[in-house]
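K.L.:
Numbering (the UniProt record's numbering), first residue to last: 1 to 253. Using N, Cα and C, we set each Cβ at its ideal position, and we do this for glycine too. Here the structure is a predicted model, which means the values were calculated and not measured. Here it is, the structure, as structure tokens.
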Amino acid sequence: MNLYGIRAIYLFEMARMRRTLMQSVASPVLSTALYFVVFGSAIGSHMVSINGVSYGAFIVPGMIMLALLTQSISNASFGIYMPRFTGTIYEIHSAPISYVEIVLGYVGAAATKSILLGAIMLATARLCVPFQIEHPLWMVAFLVLTAVTFSLFGFIIGIWADGFEKLQIVPLMIVTPLTFLGGSFYSIDMLPPFWRTLSLFNPVVYLISGFRWSFYGVADVGLPLSLGMTTLFLVLCMAGVRWIFRTGYRLKS
1 MNLYGIRAIY LFEMARMRRT LMQSVASPVL STALYFVVFG SAIGSHMVSI
51 NGVSYGAFIV PGMIMLALLT QSISNASFGI YMPRFTGTIY EIHSAPISYV
101 EIVLGYVGAA ATKSILLGAI MLATARLCVP FQIEHPLWMV AFLVLTAVTF
151 SLFGFIIGIW ADGFEKLQIV PLMIVTPLTF LGGSFYSIDM LPPFWRTLSL
201 FNPVVYLISG FRWSFYGVAD VGLPLSLGMT TLFLVLCMAG VRWIFRTGYR
251 LKS
């Protein structure tokens, strides 16, 4: 395995984050902080607790997960799309580096950036809303697993997209609505039976539920099911990337 090649791609992508701190870090952190202030402190202080957790603290995992999903997809999709758009992807192909090593470099950098962003948001939330983390190891595990999974998903979108519009359509039209409807601001147990059953077909429910369990020990669905569904999506994304390797689908265009 060409570790030097992986390291070069990884460091280049991390350097891009430093060059665009306002867009990559400041903007999502500020947006999430406003959610914490408005929904957590202002509105949350007038709402009843959910499953024994204050409303302000209850939405913290959902808000972090919302940012983590969108940023993981955005970092990975833009990371691989821009070399294709500018034509520098041919320089990567001319180097002695395999497709697997390309993915490790881009996905690894995207996941790292998302995890760092999640940690910053966690610290920011602590300034706005008091909360506790009952299972910190599980919290880190879900954070890393989700970041890697959706970075792989973003990499697939970056290969599939043939324009900037397609880069945005999946996060904006699919992922964000699914996250808002996946229990970010509420427990699905609060829904009528029909809508609660329908919500169980939303894969984001399992991500948020497992992540929230690591904070407070309460969840809409069991931990094994949340972990299983997250792992299943990871396997599906890995299968999608493997299909790209075998077909070379738009990898050079």
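1. Note the first and the last residue of the continuous alpha helix (DSSP H) segment covering T70.
2. So for I50, helix, strand or coil by DSSP?
3. When you compare each of F85, R126, Y206, G154 to Q71 by their alpha carbons, which one comes out closest?
4. With burial defined as no fewer than 16 other Cβ atoms inside 10 Å of the residue's Cβ, what is the status of R151: buried or exposed?
5. Is it the case that the CB of M139 approaches a heavy atom of the ligand MN more closely than 7 Å?
6. Are N51 and K113 close, meaning C-beta to C-beta below 8 Å?
7. If we count Cβ pairs, one from each stretch, closer than 8 Å, do we get three or more for the stretch 31-39 versus the stretch 187-198?
8. From A57 to S226, what does the alpha carbon distance come to, in whole angstroms?
9. Are the beta-carbon atoms belonging to V148 and L234 less than 8 Å from one another?
10. Cβ of I102 within 8 Å of Cβ of I159?
11. Cα-Cα, which of P203, I133, I6 is closest to Y99?
12. Cβ atoms of V129 and V60: under 8 Å apart, would you say?
13. Where does Q168 fall in DSSP's three states?
14. If I measure Cβ to Cβ from E134 and keep anything under 8 Å in the same chain, skipping five residues before and after, which residues do I get?
15. Would you tell me roughly how many angstroms separate the C-alpha atoms of Q222 and P96, rounded to the nearest one?
16. Can you name, in chain order, every residue of its own chain whose Cβ lies under 7 Å from the Cβ of I208, other than the five neighbours on each side?
17. So, helix, strand or coil for V218, using DSSP?
18. Could you pull out every residue in the same chain whose Cβ sits closer than 7 Å to the Cβ of M229, ignoring the five residues on either side in sequence?
P.N.:
With the structure as the only source:
1. Start at 1 with the first residue of the sequence shown, and residue 70 comes out as number 70. Note, T70: alpha helix (DSSP H), 55-86.
2. Mapped onto the sequence shown, residue 50 falls at position 50. Three-state DSSP puts I50 in a strand.
3. By 1-based counting over the sequence shown, the position of residue 71 is 71. Comparing Cα-Cα distances from Q71 to each of F85, R126, Y206, G154, the minimum goes to G154.
4. Within the sequence shown, the letter at position 151 stands for residue 151. Looking at the sequence provided, one finds Ser at residue 151 rather than Arg. It is buried - the Cβ of S151 has at least 16 other Cβ atoms within 10 Å.
5. The ligand MN is not part of this structure, which contains no ligands at all.
6. For the purposes of this step, residue 51 is identified with residue 51 of the sequence shown, where counting begins at 1. For the purposes of this step, residue 113 is identified with residue 113 of the sequence shown, where counting begins at 1. Going by C-beta atoms, N51 is not nearer than 8 Å to K113.
7. no
8. Residue numbering aside, residue 57 sits at position 57 when the sequence shown is read from its first letter. Residue numbering aside, residue 226 sits at position 226 when the sequence shown is read from its first letter. Roughly 20 Å between the two C-alpha positions.
9. The residue labelled residue 148 in the question sits at position 148 within the sequence shown. The residue labelled residue 234 in the question sits at position 234 within the sequence shown. Contact flag set, yes.
10. Here residue 102 corresponds to residue number 102 of the sequence shown, with the count starting at 1. Here residue 159 corresponds to residue number 159 of the sequence shown, with the count starting at 1. For I102 and I159, no; Cβs fall outside 8 Å.
11. Sequence index remark: in the sequence shown, residue 99 carries index 99 (1-based). It is I6.
12. Taking the sequence shown and counting its residues from 1, one reaches residue 60 at position 60. Taking the sequence shown and counting its residues from 1, one reaches residue 129 at position 129. For V60 and V129, yes; Cβs fall inside 8 Å.
13. Start at 1 with the first residue of the sequence shown, and residue 168 comes out as number 168. Three-state result, Q168: helix.
14. Position 134 of the sequence shown, counting from 1, holds the residue named residue 134. If we look at E134 and ignore the five residues flanking it on each side, its Cβ neighbours are S214, F215, Y216, G217.
15. The residue you call residue 222 lines up with position 222 of the sequence shown. The residue you call residue 96 lines up with position 96 of the sequence shown. The sequence shown places Gly at residue 222, not Gln. One C-alpha to the other measures close to 45 Å.
16. By one-based count along the sequence shown, residue 208 stands at place 208. So the list reads P61, G62, M65, G182, G183, S184, once near-sequence residues are dropped.
17. Residue 218 sits at position 218 when you count from the first residue of the sequence shown. Coil, per DSSP.
18. Looking up residue 229 in the sequence shown gives position 229. The residues are P203, Y206.
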